[in-house]
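Protein sequence lines, in the order shown, are assigned to chains A and B.
Mapping to the numbering used here: the first sequence position 107 is 107, numbers consecutive.
Mapping to the numbering used here: the second sequence position 35 is 35, numbers consecutive.
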Amino acid sequence: ETGVTQSPTHLIKTRGQQVTLRCSSQSGHNTVSWYQQALGQGPQFIFQYYREEENGRGNFPPRFSGLQFPNYSSELNVNALELDDSALYLCASSLDGSPTDTQYFGPGTRLTVL
Amino acid sequence: GNSVTQMEGPVTLSEEAFLTINCTYTATGYPSLFWYVQYPGEGLQLLLKATKADDKGSNKGFEATYRKETTSFHLEKGSVQVSDSAVYFCALFTQGGSEKLVFGKGTKLTVNP
């Protein structure tokens, strides 16, 4: 049990819609990262937030955006959904996001875009 | 850019067999290296890590040594159990780029009784 929770567990949307995924980090963890895991692949880094500011971004278009709140919760928003956005979305929290820091992952949200 | 290449799966072993899953990396700077495990129906869990060259990470009988000269971080276990059946991901983390934690594609391990 990592103490990181995500909601919802599963979600079905249609192409062109918008979606918001939520994550609750471990208390005291200042950093949250979001990853996209396509079926049969390793997680791909989307972006990281440190104390409510974006602190790094992977190779994802601007329609992927995020927010981090002072209460250790965060959101991933995806606009104009495409079929290829179907994946497991993982959030991970850590103390300060440094290379030696351990990231604790939530169970993920399975998004299906039809 | 930073990348991780790990052994293609799936890997099927009998209980008590020796396990090796190969992992090599390409990175700028000096990355930290990780092995994560994903059990069926569960999220990713950190298995072990090493933060500098020649460090050995170990946990639950698994070991991996950070080899800078061969840019490798191979995962080993002397005697696998059925409960070790899972997908194993090698990953690196470097502060040098924007990519943060970079994962390999994963290796599925099945251990038969």
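Every residue gets a Cβ at the ideal spot worked out from N, C-alpha and C, and that includes glycine.
Contact of F62(B) with chain A is not assigned, every C-beta pair being separated by 8 Å or more. When beta bridges are read from the DSSP output, T65(B) appears opposite K56(B). Residue burial is scored here from C-beta neighbours: V82(B) has fewer than 16 other C-beta atoms within 10 angstroms and is therefore classed as exposed. Against chain A, the beta carbon of K100(B) has neighbours under 7 Å at S33, F45, Q48 and G56, listed in chain order.
Taking 9 Å as the cut-off between beta carbons, the residues of the region 97 to 112 of chain A near chain B are G97, S98, P99, T100, D101, T102, Q103, Y104, F105, G106, P107 and G108, in sequence order. Within the model, the alpha-carbon separation for S85(B) versus T100(A) is close to 27 Å. Taking the Cα of K13(A) as reference, the smallest distance to any Cα among P43(A), D84(A) and W34(A) is reached at D84(A). If you check the CB distance, Y89(A) and L81(A) do not come in under 8 Å. About 5 Å separates the beta carbons of Q68(A) and E52(A), which is inside the 8 Å limit, making them a contact pair.
For the region 11 to 30 of chain A, the set of residues with a beta-carbon nearer than 8 Å to any beta-carbon of chain B is empty.
Taking 8 Å as the threshold, the shortest C-beta distance from G3(A) to chain B does not fall below it. Between Y25(B) and T9(A), the alpha-carbon positions lie close to 33 Å from each other. Under the 10 Å beta carbon count, G57(B) is surrounded by 16 or more other beta carbons and is classified as buried. In this structure, DSSP gives S24(A) an extended state, which the three-state scheme calls strand.
Cβ atoms of T5(A) and D96(A) stay farther apart than 8 Å, at about 21 Å.
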